[in-house]
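J.:
Chains as they are written, first to last, in the working numbering: chain A, 14 to 562; chain B, 35 to 268.
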């Protein structure tokens, strides 16, 4: 048996599964030491194979093809299966030698290790019932007094030492953050930090009085917040030491060091590290100690809703493209030449083919829940900017994808969207480039909640932030000169930027064609063609399409 | 410590996977195309390089990482360590973060700038004022003490202690409780030194309000680009 298998190869995957199956079948009549060695051999083969694939898979989750997805799902299933195998072995060995026997402890540690690993590779719905046995194993270890016993494990080819309790908490911690809010690379970063924080992943049996995470050992749930009131067996993980670790990480970044300095996570983009820092800050905030009532969700009838993704698509279609596409096209058909009609059909066909229709399943005060097939939701990921129109006669709503998790049906996904604005506006801003040319760009204006305008923002493509020059907006005969000055929030390819207004002056008569777009006004073809070009909305077949300004 | 069993019992026989497989697998599999030689050469613990390896801890690399971190952490406000050379820019960005309810981000930016230019008093003072405005007594005391050490002859120290007495009256470092405190001042404006360099006039606020009103209330702007097909013949 060689030490590694190429898991991209289906035969290798099948081979590993057969090995796993044979070990599982032989568990009952194998000596304790051999059981442990068999599980160790298996996990060593899995670790070596996954280690070869990991940099490619974790570093490029945005570009996964079906094969990558298939391999990821397979890795997830193998970690789950290995955790289950180790759990069975632990159960068997506990009966033979007690929960704190050397062999039982070893396989319990491996069960926790692989349960945690599985959380990082979730593609399909996670089997949450497994919490029951993971708690059971931990309870046994606590009762036997061996929960703090250090164990040596191997992950990504590196030897690591952690207590049983730390491995247990790592698994729960990863599971909590693997609910669709953190991407694969971000989970990898979080896990790398958790290994660094192992000495602080220690629980107390009693409520510490300070903010803490809690695990109910007699339940079937994961990590939660606050004190348990019914007196059942629980463990508490104080948050203060973790927050101190998070702050220490920030200081390391200030010194120009990435923590840890080695491993897959150290090669990931700094933006991924920063996203995890922010996510942890929110998770550690003391104000979350009190139970926050979840926003009430109102189920709806699964209406199909078109969702536009990304700044460019939203500007092109989100603000009315859906209605104009069919009505406008048919109305104009009569006046088209054959060539134009051909182009028109071609455009309509492409337009229809690329439309993204999702089913709206619930609405709350803060956002929307959708269901879709994997295919329908392809390329829709957490942190994407989206727009949707709930009814033909309503304006579009702007939102951010906050959650994407496997749905109740195999092959379906559930998408959570947080509402950013229920009445965004598109607006054209012009600027003078370094070589003296005037350039127009389209942005999305998002009004703040107060009337003073201090919370107003623009949604801008990420690339627009490279220069922070002033821009002009001509509104109602006045030219406002403004400048972006900080990013309030950001996502994949977009940023919600704050701005300051530097001045205002009346618009000179010659400039009246440079305007904020207004629907249903008479269209000047020359003006719109120029505006379209300036907004970067021209295609090679562009002369057949115009935009109302 | 529980070690891997192969380590703790080196003489123990290894599990014979081939035998196990033979017992359960009816169709033998040709392993040659799917096996590899393991981690011996290309994966020999490459990630365990010592931290003093110049590739890991080189000054240039650290500068690049710091620079990239600053750009990614404060996008739109500063683009890298070079922008920290301008105290006005840093202070303004920190003030805006504070106004957006992100005082911690503003504090981090000031921390970075102070680390880079500890001799610039304005950065320290802006940080202290924001901490005062955020009612963060513990950190105010900590930073005030650091400021005193860094700038023992500062002419602003009396003002710092005045703020300190108001925010942390029990901290003896700021002198007796009976000293003058800002909330003894009564009037429409907070008695603050404006080290955060907020504009004294309200022009910006008025313009922002006008802009908002025009776009929001009067409906001057609209839904933007609506695709519409026109023919040249039309």
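Positions of the beta carbon are idealized from the N, C-alpha and C atoms, including for glycine.
(1) Of the residues A:265, A:511, A:492, which one's Cα is nearest the Cα of residue 135 (chain B)?
(2) Put residue 169 (chain B) into one of helix, strand or coil per three-state DSSP.
(3) Return helix, strand or coil for residue 340 (chain A), following the three-state DSSP convention.
(4) If we cut at 7 Å on Cβ distances, does residue 99 (chain B) have a partner in chain A?
(5) Which residue from A:296, A:208, A:218, A:239 puts its Cα closest to that of residue 275 (chain A)?
(6) Answer yes if the segment 162-176 of chain B comes into contact with the segment 188-206 of chain B, meaning at least three C-beta pairs across the two stretches below 8 Å, and no otherwise.
(7) In whole angstroms, what separates the C-alpha of residue 99 (chain B) from that of residue 110 (chain A)?
(8) Once DSSP output is grouped into helix, strand and coil, what is the label at residue 216 (chain A)?
(9) Name the chain A residues whose beta carbon is nearer than 7 Å to that of residue 102 (chain B)?
(10) Can you check whether the C-beta of residue 460 (chain A) is within less than 7 Å of a C-beta belonging to chain B?
(11) Measure the CB-CB distance between residue 494 (chain A) and residue 480 (chain A) and report whether it falls below 7 Å.
(12) Could you check whether the Cβ of residue 29 (chain A) sits closer than 7 Å to any Cβ belonging to chain B?
(13) Nearest to residue 315 (chain A) by alpha carbon, out of A:128, A:381, A:328?
(14) Mind checking the segment 504-524 of chain A against chain B and listing, in chain order, the residues whose C-beta falls within less than 9 Å of any C-beta there?
(15) Grab the span of the alpha helix (DSSP H) containing residue 121 (chain B) for me, first residue to last.
(16) Leaving out the 5 sequence neighbours to the left and right, which residues in its chain are closer than 6 Å to residue 181 (chain A) when beta-carbon positions are compared?
(17) Are the segment 413-427 of chain A and the segment 377-393 of chain A touching, with three or more C-beta to C-beta distances below 8 Å?
(18) Does the separation of the CB atoms of residue 499 (chain A) and residue 509 (chain A) fall below 7 Å?
(19) Which residues in the same chain as residue 514 (chain A) place their Cβ atom closer than 6 Å to its Cβ, once the five residues preceding and following it in sequence are excluded?
(20) Given a cut-off of 7 Å, decide if residue 202 (chain A) and residue 285 (chain A) are closer than it, judged by their beta-carbon atoms.
(21) So, at 6 Å on beta carbons, what are the nonlocal neighbours of residue 518 (chain A) in its own chain, with the 5 sequence-adjacent residues on each side left out?
(22) Output needed for residue 204 (chain A): all residues of its chain with C-beta closer than 7 Å, excluding positions within five of it in sequence on either side, in chain order.
(23) Would you identify the three-state DSSP class for residue 445 (chain A), choosing helix, strand or coil?
(24) Tell me the rounded alpha-carbon separation between residue 132 (chain B) and residue 321 (chain A).
(25) Compile a chain-ordered list of the residues in the segment 103-129 of chain B whose CB is closer than 7 Å to at least one CB of chain A.
(26) Have a look at residue 61 (chain A) and residue 22 (chain A) and give me their C-alpha separation to the nearest angstrom.
(27) Do you know offhand how far residue 184 (chain A)'s Cα is from residue 149 (chain A)'s?
(28) Can you find a C-beta in chain A that's less than 7 Å from the C-beta of residue 243 (chain B)?
(29) Along the beta strand (DSSP E) that carries residue 139 (chain B), what are the first and last residues, could you check?
(30) First and last residue of the alpha helix (DSSP H) that includes residue 39 (chain A)?
(31) Short of 6 Å in beta carbon distance, which residues of its chain neighbour residue 26 (chain A), apart from the five on each side in sequence? Order them along the chain.
(32) Tell me, please, whether the segment 135-145 of chain B touches the segment 117-127 of chain B by the rule of three or more beta-carbon pairs shorter than 8 Å.
(33) Is the CB of residue 33 (chain A) under 7 Å away from at least one CB in chain B?
(34) Cβ of residue 211 (chain A) within 7 Å of Cβ of residue 247 (chain A)?
(35) For residue 186 (chain B), count neighbouring Cβ atoms within 10 angstroms of its own Cβ and tell me buried if that reaches 16, exposed if not.
(36) Could you check if residue 183 (chain B) is buried or exposed, using at least 16 other CB atoms within 10 Å of its CB as the buried criterion?
T.: Quick look at the numbers:
(1) The sequence position of residue 135 (chain B) within the second chain is 101, counting from 1. Considering only alpha carbons, the answer is A:511.
(2) Here residue 169 (chain B) corresponds to residue number 135 of the second chain, with the count starting at 1. In the structure shown, residue 169 (chain B) sits in coil (DSSP, three-state: anything other than H, G, I, E or B).
(3) Numbered from 1 along the first chain, position 327 holds the residue referred to as residue 340 (chain A). Residue confidence for residue 340 (chain A) is low, a pLDDT of 35 falling below 50, so the modelled location carries little weight; the figure read from the coordinates is stated next. Here residue 340 (chain A) sits in helix by DSSP.
(4) The residue given as residue 99 (chain B) occupies position 65 in the second chain. It does; some Cβ of chain A falls within 7 Å.
(5) Counting from one through the first chain, the residue named residue 275 (chain A) turns up at place 262. Answer by Cα proximity: A:208.
(6) yes
(7) Counting from 1 along the second chain, the entry for residue 99 (chain B) is found at position 65. Counting from 1 along the first chain, the entry for residue 110 (chain A) is found at position 97. If you take the alpha carbons of residue 99 (chain B) and residue 110 (chain A), they lie about 51 Å apart.
(8) By 1-based counting over the first chain, the position of residue 216 (chain A) is 203. Looking at residue 216 (chain A) - three-state DSSP - the assignment turns out to be coil, as it is neither helix nor strand.
(9) What you label residue 102 (chain B) is simply residue 68 of the second chain in a count that begins at 1. Chain A residues near residue 102 (chain B): 283.
(10) Reading the first chain from its first residue, position 447 is the one you call residue 460 (chain A). Output row for residue 460 (chain A): interface = yes.
(11) Locating residue 494 (chain A) in the first chain gives position 481, counting from the first residue. Locating residue 480 (chain A) in the first chain gives position 467, counting from the first residue. Against a cut-off of 7 Å, the Cβ pair of residue 480 (chain A) and residue 494 (chain A) comes out as no contact.
(12) Mapped onto the first chain, residue 29 (chain A) falls at position 16. False, the Cβ-Cβ gap to chain B never drops below 7 Å.
(13) Residue 315 (chain A) sits at position 302 when you count from the first residue of the first chain. Of the candidates A:128, A:381, A:328, the one whose C-alpha sits nearest the C-alpha of residue 315 (chain A) is A:381.
(14) 508, 510, 511, 512, 513, 514, 515, 516, 517
(15) The count along the second chain starts at 1 and reaches residue 121 (chain B) at position 87. Segment 121-133, the alpha helix (DSSP H) holding residue 121 (chain B).
(16) Within the first chain, numbered from 1, the residue matching residue 181 (chain A) stands at position 168. Correct list, in chain order: 125, 151.
(17) yes
(18) Within the first chain, residue 499 (chain A) is the residue found at index 486, counting from 1. Within the first chain, residue 509 (chain A) is the residue found at index 496, counting from 1. Contact flag unset, no.
(19) What you label residue 514 (chain A) is simply residue 501 of the first chain in a count that begins at 1. Hits under 6 Å: 493, 495.
(20) Taking the first residue of the first chain as position 1, residue 285 (chain A) is located at position 272. Taking the first residue of the first chain as position 1, residue 202 (chain A) is located at position 189. Yes; because the gap between Cβ atoms is below 7 Å, this pair is in contact.
(21) Translated into positions along the first chain, residue 518 (chain A) becomes position 505. Around residue 518 (chain A): 492.
(22) Position 191 of the first chain, counted from the first residue, corresponds to residue 204 (chain A). Answer for residue 204 (chain A): 133, 187, listed in chain order.
(23) Taking the first chain and counting its residues from 1, one reaches residue 445 (chain A) at position 432. If DSSP states are grouped into helix, strand and coil, residue 445 (chain A) belongs with the strands.
(24) Numbered from 1 along the second chain, position 98 holds the residue referred to as residue 132 (chain B). Numbered from 1 along the first chain, position 308 holds the residue referred to as residue 321 (chain A). Their Cα atoms are separated by approximately 33 Å.
(25) 103, 106, 107, 109, 110, 111, 127
(26) As a working note, residue 61 (chain A) is residue 48 in the first chain. As a working note, residue 22 (chain A) is residue 9 in the first chain. So the alpha carbons of these two residues sit roughly 14 Å apart.
(27) Locating residue 184 (chain A) in the first chain gives position 171, counting from the first residue. Locating residue 149 (chain A) in the first chain gives position 136, counting from the first residue. Approximately 14 Å, taken between the alpha carbons.
(28) Working through the second chain from its first residue, we reach residue 243 (chain B) at position 209. Yes, contact with chain A.
(29) Sequence index remark: in the second chain, residue 139 (chain B) carries index 105 (1-based). Per DSSP, residue 139 (chain B) belongs to no beta strand (DSSP E); it is in the alpha helix (DSSP H), 137-150.
(30) Along the first chain, read from residue 1 onward, the residue named residue 39 (chain A) stands at position 26. Taken as a continuous stretch (DSSP letters only), the alpha helix (DSSP H) holding residue 39 (chain A) covers 23-39.
(31) As a first step, residue 26 (chain A) is located in the first chain; it is residue number 13 there, counting from the start. 20, 87, listed in sequence order.
(32) yes
(33) The residue labelled residue 33 (chain A) in the question sits at position 20 within the first chain. Residue 33 (chain A) does not count as touching chain B.
(34) Taking the first residue of the first chain as 1, we reach residue 211 (chain A) at position 198. Taking the first residue of the first chain as 1, we reach residue 247 (chain A) at position 234. Not closer than 7 Å, so no.
(35) Within the second chain, numbered from 1, the residue matching residue 186 (chain B) stands at position 152. Residue 186 (chain B) should be labelled exposed.
(36) As a working mapping, residue 183 (chain B) is identified with position 149 in the second chain. Burial call: exposed.
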